[in-house]
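Per full-length UniProt numbering, the very first residue in the sequence shown carries number 1; after that it's consecutive.
First the structure, in the form of structure tokens, and then the observations on it.
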Amino acid sequence: MKQSVKDYVIEKVNELINAPTCCAEAKKAAQNWLDALGTDREAEQTKSLIAELEQDIVTVDGLIAFSGSEAGEKVFGAEKAKEVNAHAQEIKAAGAKYCDCPACAVVAAILEEKKNLLTDIE
């Protein structure tokens with residue numbers, strides 16, 4: 001992978017680790033990737049990071065469904081769940097494919113570099 005891509009993804013991975021909406025599994029995969037850079041584990045951890053991020057990113061339809069459910073109300077609280085649902089419907093109408101929370105926004109940016117990340121390691 002080109003150094004410019006690596007530098008960009010390192011920046012985004014650090015943003016992900018610090019995102020308040022990032023789950024523990026994504027933080028762990030991100031840190032494992034950072035720790036593996038420049039080692040014989042880099043390719044393996046790159047693939048693991050991508051797999052974890054693809055699993056964790058929330059589609060806008062998934063966000064609408066979750067925020068409109070009882071489970072969503074339990075997580076967000078009733079009023080916040082309504083706000084999140086309305087927001088999700090707004091961004092979907094504007095063409096969004098994914099949730100735009102801090103973690104999902106960074107994950108989407110990293111996944112846009114998936115092909116470049118996998119260059120020379122597959």
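By construction, the Cβ of each residue, glycine as well, lies at the ideal position given by its N, Cα and C atoms.
In this text the structure is predicted, and so the values were computed from the model without any measurement.
On the three-state DSSP scale, how would you describe residue i?
{"i": "T46", "result": "helix"}
If you draw a straight line from the alpha carbon of residue i to that of residue j, how long is it in whole angstroms?
{"i": "G77", "j": "N32", "result": "33 Å"}
{"i": "K92", "j": "E112", "result": "19 Å"}
{"i": "V36", "j": "P20", "result": "For the sequence presented, residue 36 should be read as Ala rather than Val. The straight-line gap from Cα to Cα measures roughly 24 Å."}
{"i": "V9", "j": "A71", "result": "33 Å"}
{"i": "L118", "j": "L49", "result": "11 Å"}
{"i": "R41", "j": "D120", "result": "14 Å"}
How is the alpha helix (DSSP H) around residue i delimited, first residue to last?
{"i": "residue 131", "result": "Residue coverage of the chain in this structure runs from 1 to 122, which leaves residue 131 outside it and unanswerable."}
{"i": "residue 137", "result": "This structure does not reach residue 137, given that the chain is present from 1 up to 122, and the question cannot be answered."}
{"i": "V84", "result": "78 to 93"}
{"i": "A96", "result": "Premise fails: A96 is in no alpha helix (DSSP H) and is neither H nor E."}
Between residue i and the rest of its own chain, which residues show a CB-CB distance below 7 Å, the 5 nearest in sequence each way excluded?
{"i": "E52", "result": "E25, A26, A29"}
So residue i and residue j are supposed to be a Cβ contact under 8 Å. How far apart are they, rounded?
{"i": "V60", "j": "K97", "result": "6 Å"}
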